[in-house]
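Sequence positions in the sequence shown follow this note's numbering and run 8 to 478. Single-structure report; data block below.
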Amino acid sequence: MPPPADTGLAYTPPDGQWGWAVVFGAFISIGFSYAFPKGIAIFFKEIQDFFGTSYSEIAWVSSIMLAATYGGGKNNENGGNIPLFYSLTVGLGLALNLQPSVIIIGKYFLKRRPIANGLAMAGSPVMLCTLAPLNQFLFDTFGWRGSFFILGALLLNCCVAGALFRPIGPTSERQKNKEAKGAVREKTDGGIAEIGEKNMETKEDRDCCENFNKFLDLSLFKHRGFLIYLIGNVLMFLGFFAPIVFLAPYAKHRGIDEYSAAFLLSILAIVDMIARPATGLLANSKWVRPRIQYFFSFSIAFNGVCHLLCPLATSYMGLVIYSIFFGLAFGMVCAMLFETLMDLVGASRFTSAVGLVTIVECCTILLGPPIGGTLIDTFGDYKYMFIKCGAVMVLAGTFLFVMNYYNYRMLAKEEKKRMKEDGEKKDNEDARTKEGERNVKAVEKIQDVNETALKKEENGLKNGANLPTEP
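Written out as structure tokens, the structure is:
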């Protein structure tokens, strides 16, 4: 197995200290970002009845919110433009909340990064476990309109969590330029100072361009491992969120009471809450970490198998069992979702990689639940939605497993070829060095011979000069 990608950071992450406070802040932010779109599924049946919409139309509420970047919605006959004004606005805010929470972990952790990611990602099931029964209580007490008002106030806690994300690392070039500019103003006068300031402003403009290229590093599309990850995840998200969105409505459709249906989400969240940190610990072990890409592929396929078997659950106990295994599989995938990406591209390119991945993935995240809702409207049965999601995820897991094996084989061949070329280059350099040494020795030998001959000649001349002359 090839080693993980180099971090590329100009400092050594502390792997603790204030990093644990950062993990707690990420726990809160990630929890709300992922759990909120899933938790509001409790209100779908009532919103659907109130506005008279279909399953596919009501599914746009969560899908647009999860996609966070797609701004279209449908106007229903009663004039309620829920997807456009509610889902887009909340989804965009959650996206701005999620991205820094995911990225900051890699700035503070290296050796313990899988554990830190697992703990931070555990915020989603904890929040979902809390929001599912809370949303049902709020609906019974205040209605769905009042419930959204209260939930909006709860989301403001993300502002406090974000305050824990202190910057870390060496002083940026921009800050150095500002300090240098201040020193120039203090120590120099006249035209020299003006020239210095213009040069620094030009450098700052150049730094802005460099920062733009850093956050949108399009060269990642030439990275084989990144492309494999991206294609596999695009397939996966077609079936990743739809089962959660329709789990509670499916239970109500089968005649299960509202609180029992909401409790299924709590069961899923409790198992998910345990699975994420446990998966982080397992992924950090010496047996799994070198093979984390294969483990991630297995988790996706396992998730798909759970959905394929869901239609066999005909009773409430069957749905409870499905929720347990679904929560386990869902937690395994989420715990490694960003860790595997950082393992491929390294911490220095992770920020750009996350941005590019989420831009591309948002399309399938957007379409997944509405496609599931369309299947329900067309066939009048939920099982086709679960089968579609399961088949897509098994396909995605299989694709990632096979292509990661291919990628590892290619990396091994490239490394072997590089080592061979380096060896040949070194041999050539050694040969040239030895040849040079031989030439030097030959030249030295010739010089010694010449010097010896000159000395003999000089001695001969001296001896000739010392001979007595004839009278």
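Here a beta-carbon is modelled for each residue, glycine too, at the ideal position from N, C-alpha and C. Bear in mind the structure is a predicted one, so any value in this text is a computation, not a measurement.
Check                                                                                                                                                                                 : Outcome
On the CB-based measure, 16 or more other CB atoms within 10 Å of its CB, does Gln454 come out buried or exposed?                                                                     : exposed
For the region 349–357 against the region 270–277, do three or more pairs of beta-carbon atoms, one drawn from each stretch, fall closer than 8 Å, so that the two count as touching? : no
Let me check understanding here. Comparing Cα to Cα, which of Gln24, Val133, Leu101 lies closest to Ile112?                                                                           : Gln24
Let's see if you can read the secondary structure: which residues bound the alpha helix (DSSP H) around Val29?                                                                        : 26–46
What did DSSP end up calling Pro21 once you bin it into helix, strand or coil?                                                                                                        : coil
Given a threshold of 16 other Cβ atoms within 10 Å of its Cβ, counted over all protein chains shown, does Gly246 qualify as buried or as exposed?                                     : buried
From this set, Met426, Ile37, Tyr329, which residue's C-alpha is nearest Cys165's C-alpha?                                                                                            : Ile37
So Gly287 and Leu126 are supposed to be a Cβ contact under 8 Å. How far apart are they, rounded?                                                                                      : 7 Å
Along the alpha helix (DSSP H) that carries Val295, what are the first and last residues, could you check?                                                                            : Segment: none, Val295 is in no alpha helix (DSSP H) and carries neither H nor E.
Determine the DSSP secondary structure at Thr137, reduced to helix, strand or coil.                                                                                                   : helix
Under 8 Å between C-beta atoms, does Ile281 make it to chain D?                                                                                                                       : Of the protein chains in the structure, only one exists, and it is not chain D.
Give a yes or no on whether the C-beta atoms belonging to Val361 and Val29 are separated by under 8 Å.                                                                                : no
Do the region 324–341 and the region 369–378 touch if we need at least three Cβ pairs shorter than 8 Å?                                                                               : no
Is Pro318 helix, strand or coil when you go by DSSP?                                                                                                                                  : helix
Between Ala308, Leu289, Gly169, which has its C-alpha nearest Gln396's C-alpha?                                                                                                       : Sequence inspection shows Cys at residue 396; the Gln mentioned does not correspond to that position. Minimum Cα distance to Cys396 is reached at Ala308.
Per DSSP, what kind of secondary structure is Arg119 in: helix, strand or coil?                                                                                                       : coil
Is the beta carbon of Leu101 closer than 8 Å to that of Ser154?                                                                                                                       : no
Applying the 10 Å Cβ sphere with the 16-neighbour rule, what's the burial state of Glu368?                                                                                            : buried
Would a C-beta distance cut-off of 8 Å place Ala129 and Arg296 closer than the cut-off?                                                                                               : no
Please state the DSSP three-state secondary structure of Gly79.                                                                                                                       : Caution applies to Gly79, whose pLDDT of 35 falls short of 50 and renders its modelled position unreliable; the model cannot decide the point.
Start and end of the alpha helix (DSSP H) containing Asp384?                                                                                                                          : 357–386
Report yes if the CB atom of Gly32 is closer than 8 Å to the CB atom of Tyr115, and no otherwise.                                                                                     : no
Contact between the region 410–424 and the region 316–336 is defined here as three or more beta-carbon pairs at a separation below 8 Å; is this criterion met?                        : no
Along the alpha helix (DSSP H) that carries Tyr389, what are the first and last residues, could you check?                                                                            : Careful: Tyr389 lies outside any alpha helix (DSSP H) and carries neither H nor E.
Report the rounded CA-to-CA distance for Leu171 versus Asn104, giving the unit in angstroms.                                                                                          : 13 Å
Please identify the residue among Leu242, Glu442, Thr459 whose C-alpha is closest to the C-alpha of Met400.                                                                           : Leu242
Tell me the DSSP secondary structure of Leu163 in three-state form.                                                                                                                   : coil
For Glu346, collect the residues of the same chain with a Cβ closer than 6 Å to its Cβ; drop the 5 residues on either side in sequence, then sort them by chain order.                : Pro121, Asn124
Determine whether the beta carbon atoms of Tyr383 and Tyr323 lie at a separation below 8 Å.                                                                                           : It is Ile, not Tyr, that sits at residue 383 in the sequence shown. Result no, Cβ atoms of Ile383 and Tyr323 do not sit closer than 8 Å.
For Pro20 and Gly387, what's the separation of their Cα atoms in angstroms?                                                                                                           : 53 Å
Count the other CB atoms within 10 Å of the CB of Gly159; is the residue buried (16 or more) or exposed (fewer)?                                                                      : exposed
Quick one, which of Lys424, Phe337, Gln106, Glu442 has its alpha-carbon nearest Lys45's?                                                                                              : Phe337
Thinking C-alpha only, which one of Leu138, Arg173, Pro174, Phe146 is nearest Phe50?                                                                                                  : Phe146
How big is the Cα-Cα spacing for Thr1 and Lys423?                                                                                                                                     : Nothing can be reported for residue 1, as the shown portion of the chain is limited to 8 through 478.
Would DSSP call Thr459 helix, strand or coil?                                                                                                                                         : helix
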